[in-house]
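Worksheet: one structure, shown below.
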Amino acid sequence: QRQPQPQPQQEAPPPIAAPVSAAAAPAVAAMEIDAQRWPDLLGGLALRGPVRELAAHTAFVGYADGVLRLALPASDDHLKTPFLIGQFAQALAPRFGGVPQIRFEAAADGGAETLHARHARQRDARQNAAESAFLDDPDVQRLMTQHGAQVVPDSIRPLDER
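With the first letter of the sequence shown counted as 1, position 88 gets the number 88 in full-length UniProt numbering; the numbers rise by one all the way through.
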């Protein structure tokens with residue numbers, strides 16, 4: 001009589017890791033937010049109107065225990081309405097793993113860069129580059145030196161602002 005041969009045992013498939021919840025991932029990302037990354041985070045939010053202005057003028061101070069501390073210049077205090085702050089907090093919720101409690105502090109001169117300040121700095125840099133490129137053009141220089149041509153102030157614009 002034949003003895004039944006033991007069947008080779010198949011290895012059990014490796015356990016499948018439980019998917020990370022959508023809320024857990026952003027909470028980790030919230031810890032990575034700092035003053036330098038704050039304008040980038042704001043630029044990725046779909047904000048419009050006054051709430052966008054509120055966000056653009058804020059500077060990141062800190063985040064801990066669900067409390068987001070932001071600086072806002074006194075000249076923008078009119079944007080600190082409960083309605084706008086609530087809309088702003090709701091827009092930030094996916095990034096913080098929940099609706100953060102927003103607290104405002106007095107803005108320090110020379111503090112962290114705001115989205116508004118970053119856009120102004122970038123716009124000024126593009127404007128300066130456009131003016132330099134135009135004035136450095138050999139044909140423009142020839143017209144200015146040989147024919148007394150002058151550039152009308154504020155007439156030069158970067159190509160992306162036509």
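Ideal Cβ placement from N, Cα and C applies to all residues, glycine included.
Asked                                                                                                                                                             : Found
Would you call Gln87 buried or exposed, if buried means 16 or more other Cβ atoms sit within 10 Å of its Cβ?                                                      : buried
Return helix, strand or coil for Gln87, following the three-state DSSP convention.                                                                                : helix
With H, G and I counted as helix, E and B as strand and the rest as coil, what does DSSP make of Glu105?                                                          : strand
Please classify Ala93 as buried or exposed, where buried requires at least 16 neighbouring CB atoms within 10 angstroms.                                          : exposed
Please list the segments of the beta strand (DSSP E) lying wholly inside the region 39 to 68, counting only runs of 3 or more residues, in order along the chain. : 59 to 64
What do you reckon, are the CB atoms on Ala55 and Leu42 nearer than 7 Å?                                                                                          : yes
Are the CB atoms of Pro39 and Leu68 nearer to each other than 7 Å?                                                                                                : no
In whole angstroms, give me the CA-to-CA distance for His78 and Ala106.                                                                                           : 14 Å
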